[in-house]
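One structure is given below, encoded as structure tokens.
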Amino acid sequence: MPERTVAVASRSGLHARPAKIFVETAARQAVPVRIRVGDGKAVPANSMLGVLTLGAGHGAEVTLEADGPGAEEALTTLADLLSRDLDAEGIEGAEGAA
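The sequence shown: position 68 = 212 (this note's numbering), numbered continuously.
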């Protein structure tokens, strides 16, 4: 199963606006994606509650995993999104990446 590890760049981590942008983008991917912090339990990346319960703050390393046709593209899209400060960009800047 392809995986990608990336540090969360948003100042507030995966909370509030960055989490919303991430979850909405994950929901648009061709394959289901899961996200975890460290060796913790992976949760569906398209679940707002699941993503918020990770408690991934600024600089936290998260691992994305997906399987199936389009998995690599989905992981690249979401990893690129997490590596940007979505707090500074605002919603308009983030939607262009999806």
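Backbone N, C-alpha and C fix where the C-beta goes; we use that ideal spot for every residue, glycine too.
Here the structure is a predicted model, which means the values were calculated and not measured.
Check, Outcome
"Assess, as a yes-or-no matter, whether the region 185-199 is touched by the region 223-235 under the definition of 3 or more beta carbon pairs within less than 8 Å.", "no"
"How would you label R178, buried or exposed, when you count the other beta carbons within 10 angstroms and need 16 or more for buried?", "buried"
"What is the residue span of the alpha helix (DSSP H) that V167 lies within?", "A160 to A171"
"Any heavy atom of the ligand MG closer than 7 Å to the CB of M145?", "In the structure on display, the ligand MG does not appear, and there are no ligands present to speak of."
"If you reduce the DSSP assignment to three classes, tell me which class A215 lands in.", "helix"
"Determine the DSSP secondary structure at V195, reduced to helix, strand or coil.", "helix"
"Thinking C-alpha only, which one of R148, R161, A163 and A218 is nearest G182?", "R148"
"Give the straight-line distance between the Cα atoms of L219 and K164, rounded to the nearest whole angstrom.", "17 Å"
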